[in-house]
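Step one of this worksheet: look at the structure below.
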Amino acid sequence: MKIVVLVKSVPDTESKIKIAADGVSIDPAGIKFVMNPYDEYAVEEGLRIRERLKSDVTVVAVSMGPDRVVEVLRTALAMGADDAVHVNDPAFEGGDAHASARVLAEAVRLVGADLVLGGKQGIDDDAAFTCAAIAEYLDIPQAQIVTELVLSDDRSRATARRRVEGADEMVELVLPAMITCDKGLNEPRYASLPGIMKAKKKEIRKVGLADLPLKPEQVGAKGSATRLVKYHGLPERPPVKMIPGDAAAQAKELARLLREEAKVI
Amino acid sequence: MLFTLSDEQRMIQETAREFADHEIAPVADRHNREGKFPLDIVKKLGKMGFLGMAVPEQYGGTSAGNLALVLALEEVNRVCASTGVTMSVQNSLVNSPIVHWGNEDIKRRYLPKLATGEHLGAYALSEPGSGSDAAGLVTAAVRDGDDFVLNGTKNFITTGAEADIVLVMARTDTSHKTRGITAFVVESGMKGYAVGKKEDKLGLRASSTVQLVFEDMRVPAANVLGEVGSGFKIAMHTLDGGRIGIAAQAVGIAQACLDASIKYAGEREAFDQPIGKFQAIQFKIADMAMRLEAARLLVYNAASLKDAGKPHGKEAAMAKLFASETANNAAREAVQIHGGAGYLEDFPVERFFRDARITEIYEGTSEIQRIVIARHVLKNLQ
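Here is the structure:
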């Protein structure tokens, strides 16, 4: 059984994001890139399934993007993934989520998967689109935002728990299937030192456009259905106003400011 | 800092940083206040491989090397020096000498469980009557058939209360001071082994420091580490490596002091502005940052020399001396920057100040480090 885990390299949540001069990208200077936190749940789940089933399961981490995504693949290997695939080609640059999904779907098909796991969304652009689109391109069933996953003993089906308004729903899927993972599914492990040492020695398989049954016009900017027009920076937070005095005076002044200045009461 | 780390060294550093920030930092204050040995955290460190960094793969470790070890120690000590010293002792004072001096039998019997933290280790050299004068130890080991019979008391034994395996230096020959000492691998379950008084310390309150008492304890001759009579050489060589670990601990504490000071200087206001805008505070922080950078380079240098198999005794002593003085200086200034708040246990610098002090004392006092350095540089007078 082969489990493919899709991992994305995203800016660390503590990074300060600055918009680049072109207005349509972010300035990578000073940004620390890490594995998308939701993808950590996906890696962990893949490893746990392998540990539960004991035999004949391989976990393959797949990431698409420039050279820096290799670090995220190494992290997945250090956590315990068996293999890693780096999907990269100059032709893929400038693609939207739709174009990326088409490329990743073909990469997954090339690797071969009985189960595809991903994070419920990337914390960078928050589109929550790519995994769903990959499942559509592969024409396999999918369950999104999953917090519990159980495989049948014969490895032919999965049951996924999803939080919906007011209840949890249980969905059964026939494998191969796509599952996107949410917080609560598991507690991702730290990379172990033996894992880190082994990860260094493993070869990362490179996959480019020539390896996939896609035409140049189907990928990158040309293959995109949408175009990023402009990033608008968030307004700077106004300075905090401290209200002096004792509690009674502070409360009175706060009420006055909320009514007269902020005009919210 | 232009000190190129390999991919795996960087990953080990980042993993240690994440583990320290998310698993150790939230409980460090409580453990230190309650004097509770963080057994669960130490076991987790073991499972992740942080206790087997000096142990080769075939015995369950990673041979990650000394530079990787100091990078990891720095991160752990930044949040909890008690956890840090436990980790340093296991790697440098227990596993490392067994790897270096142990025969195949001893390595196979002891290293796999020590490398993964299933067994915890301690190093027993000091005695009530011998500290810096280590060769003055009197714990006796008398040959009796296939065993040695040990009698004596060991002092200030880090992780002594929890240790499963203890490296014990004992006297096998009273006619030679240094060449009469032998190293033994002792199991805490051996008959005649007892944990004595638990010390109440100024700092490192979440690490245990105890007396060990041996009474007619029979240790098989097969548990002699190295040769009979080579114990002092083993002990001194081991401390050269341990010093690099303590130097890394000091760097970690100094970093914690700097981080806390920068944060406080930006938050605390006096005379209508953050105190970090006053030159008096800026100069303190600038000096802390400069000394820390220098200390870190000395530590990385000593660790790299050891990794390269080159002599490192002088460099380890310099790194340990400079880093421990840097940590104490940083801790004193951090408390000063915090003012009255720094004297309260509500702020972490109070703990850093107490923890820093021991780095100038154990694994060779600052005075001993100066002697080691002087012996290296004044060769013409010997």
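Here the protein sequences come in this chain order: A and B. Reading the first sequence from the start, the letters are residues 75 to 339 in this note's numbering. Reading the second sequence from the start, the letters are residues 303 to 684 in this note's numbering. For each residue, glycine too, the CB sits at the ideal point set by N, CA and C.
Beta-carbon neighbours of residue i, restricted to chain A and to distances below 8 Å
i, result
"B:Asp574", "What B:Asp574 touches in chain A: nothing, since even the nearest Cβ is about 12 Å away."
"B:Val628", "The sequence shown places Thr at residue 628 of chain B, not Val. Neighbours of B:Thr628 on chain A: none; closest Cβ ~27 Å, over 8 Å."
Where residue i meets chain B, residues with beta-carbon distance less than 8 Å
i, result
"A:Arg148", "Asp309, Met313"
Residue i: contacting residues in chain B (beta-carbon distance under 7 Å)
i, result
"A:Lys274", "Asp309, Glu310"
"A:Ala152", "Met313"
"A:Met271", "Glu310, Thr364, Ala366"
Chain-ordered chain A contacts of residue i [CB-CB under 7 Å]
i, result
"B:Glu321", "Reading off the sequence shown, one finds Phe at residue 321 of chain B, where the question assumed Glu. Neighbours of B:Phe321 on chain A, chain order: Tyr264."
"B:Thr480", "Correct list: empty, because the minimum Cβ distance to chain A is about 36 Å."
"B:Ala460", "The question names Ala, yet the displayed sequence has Thr at residue 460 of chain B. Neighbours of B:Thr460 on chain A: none; closest Cβ ~22 Å, over 7 Å."
"B:Thr484", "Ordered by position in chain A, no residue passes the 7 Å Cβ test against B:Thr484, which lies about 33 Å from the chain."
Among the options, nearest to residue i - alpha-carbon criterion
i, options, result
"A:Leu283", "A:Val303, A:Val224, A:Gly139", "A:Gly139"
"A:Asp156", "A:Met252, A:Val133, A:Ala165", "A:Val133"
"B:Ala556", "B:Val381, B:Thr455, B:Glu406", "B:Val381"
"B:Asn457", "B:Asn630, B:Ala610, B:Ser428", "B:Ser428"
"A:Val293", "A:Ala181, A:Phe107, A:Ala95, A:Asn110", "A:Ala181"
"B:Thr476", "B:Thr441, B:Leu506, B:Phe580, B:Ala496", "B:Thr441"
"B:Ala629", "B:Ala605, B:His614, B:Gly642, B:Ser668", "B:Ser668"
"B:Glu595", "B:Ser434, B:Met389, B:Asp331, B:Val553", "B:Val553"
"B:Gly644", "B:Tyr566, B:Phe624, B:Val601", "B:Tyr566"
"A:Lys47", "A:Ala295, A:Leu184, A:Lys315, A:Thr221", "Residue 47 of chain A is absent from the structure shown; chain A starts at 75 and stops at 339."
"B:Val298", "B:Val679, B:Ile408, B:Thr388", "Residue 298 of chain B falls outside the range modelled here, since chain B spans only 303 to 684, and no answer is possible."
"B:Met538", "B:Val487, B:Arg659, B:Ala619, B:Asp342", "B:Ala619"
"A:Asp83", "A:Pro102, A:Lys90, A:Val108, A:Gly104", "The question names Asp, but residue 83 of chain A in the sequence shown is Ser. Taking only the C-alpha atoms, the option nearest A:Ser83 is A:Val108."
"B:Ala562", "B:Tyr412, B:Phe649, B:Glu662, B:Thr418", "B:Phe649"
"A:Ala295", "A:Ala152, A:Ile100, A:Pro111, A:Asp163", "A:Asp163"
"A:Val78", "A:Lys106, A:Gly168, A:Lys90, A:Ala150", "A:Ala150"
"B:Lys345", "B:Leu395, B:Leu416, B:Glu359", "B:Leu416"
"A:Leu259", "A:Asp113, A:Val81, A:Arg279, A:His306", "A:Asp113"
"B:Leu504", "B:Gly666, B:Leu347, B:Asp657", "B:Asp657"
"B:Gly436", "B:Ile536, B:Asp466, B:Ser398", "The question names Gly, but residue 436 of chain B is Ala in the sequence shown. The shortest Cα separation from B:Ala436 among B:Ile536, B:Asp466, B:Ser398 belongs to B:Ile536."
"A:Ala158", "A:Ile278, A:Leu288, A:Gly104", "A:Ile278"
"B:Asn379", "B:Leu422, B:Asn682, B:Ala330", "B:Ala330"
"A:Leu302", "A:Ser99, A:Glu334, A:Glu291, A:Arg311", "A:Ser99"
"A:Glu37", "A:Ala94, A:Met75, A:Pro85, A:Val161", "Here chain A has residues from 75 to 339 only, and residue 37 of chain A is not among them."
"B:Val601", "B:Ile587, B:Gly431, B:Ala621", "B:Ala621"
"B:Ala374", "B:Pro340, B:Arg598, B:Arg593, B:Glu571", "B:Arg598"
"B:Ile326", "B:Gln671, B:Ala383, B:Gly568, B:Pro522", "B:Ala383"
"A:Asp285", "A:Ala202, A:Thr87, A:Val177", "A:Val177"
"A:Ala206", "A:Gly193, A:Ile197, A:Ala152, A:Ala336", "A:Gly193"
"B:His333", "B:Gln311, B:Ala508, B:Val391, B:Asn397", "B:Ala508"
"B:Arg411", "B:Gly642, B:Arg672, B:His478, B:Ala524", "B:Ala524"
Partner residues on chain A for residue i, Cβ-Cβ distance less than 9 Å
i, result
"B:Thr306", "The premise fails here: B:Thr306 is roughly 15 Å from chain A at the closest Cβ pair, so nothing lies under 9 Å."
>> Against chain B, which members of the region 255-269 of chain A pass a CB distance test of less than 7 Å?
In response: Taken in chain order, the members of the region 255-269 of chain A whose beta-carbon sits within less than 7 Å of a beta-carbon on chain B are Tyr264, Ala265, Ser266, Leu267, Pro268.
> In chain order, which alpha helix (DSSP H) runs of at least 4 residues are fully inside the region 469-555 of chain B?
Replying inline: none
>> Could you tell me which whole beta strand (DSSP E) segments of length 3 or greater appear in the region 260-318 of chain A?
In response: Unbroken beta strand (DSSP E) runs of no fewer than 3 residues, entirely contained in the region 260-318 of chain A, are found at 279-281, following chain order.
> Is the region 339-354 of chain B in contact with the region 526-534 of chain B, if contact means three or more CB pairs nearer than 8 Å?
Replying inline: no
> Is the number of C-beta pairs between the region 314-333 of chain B and the region 366-377 of chain B that are closer than 8 Å three or more?
Replying inline: yes
> Closer than 9 Å, Cβ to any Cβ of chain A: which residues of the region 382-398 of chain B, in chain order?
Replying inline: Hits within the stretch: zero.
>> Which runs of the alpha helix (DSSP H) at least 4 residues long sit entirely within the region 117-156 of chain A? Give them in chain order.
In response: 143-153
> Three or more C-beta pairs closer than 8 Å, one from the region 222-236 of chain A and one from the region 266-282 of chain A: is that the case here?
Replying inline: no
> the region 344-357 of chain B: which residues have C-beta closer than 8 Å to a C-beta of chain A, in chain order?
Replying inline: Lys349, Met350, Gly351, Phe352, Gly354, Met355
> Curious, which full-length beta strand (DSSP E) runs of at least 3 residues does the region 383-468 of chain B contain?
Replying inline: 423-426, 442-446, 449-460
> Quick one, which residues of the region 97-112 of chain A are near chain B if we go by CB-CB under 7 Å, in chain order?
Replying inline: none
> Touching or not, the region 170-184 of chain A and the region 141-151 of chain A, by the rule of three or more beta carbon pairs under 8 Å?
Replying inline: No, the region 170-184 of chain A is not in contact with the region 141-151 of chain A.
>> Pairs of beta-carbons, one from the region 398-408 of chain B and one from the region 442-461 of chain B, closer than 8 Å: are there three or more?
In response: no
>> At 4 residues or longer, what runs of the alpha helix (DSSP H) sit wholly inside the region 559-630 of chain B?
In response: 581-609
> Mind listing which residues of the region 432-451 of chain B have their C-beta closer than 8 Å to chain A's C-betas, in chain order?
Replying inline: none
> Of all the alpha helix (DSSP H) runs that stay within the bounds of the region 189-233 of chain A, which reach a length of 4 or more residues?
Replying inline: 204-212
> Hey, is the region 506-522 of chain B in contact with the region 457-468 of chain B, meaning 3+ C-beta pairs nearer than 8 Å?
Replying inline: yes
> Contact between the region 177-193 of chain A and the region 206-224 of chain A: three or more CB pairs below 8 Å?
Replying inline: yes
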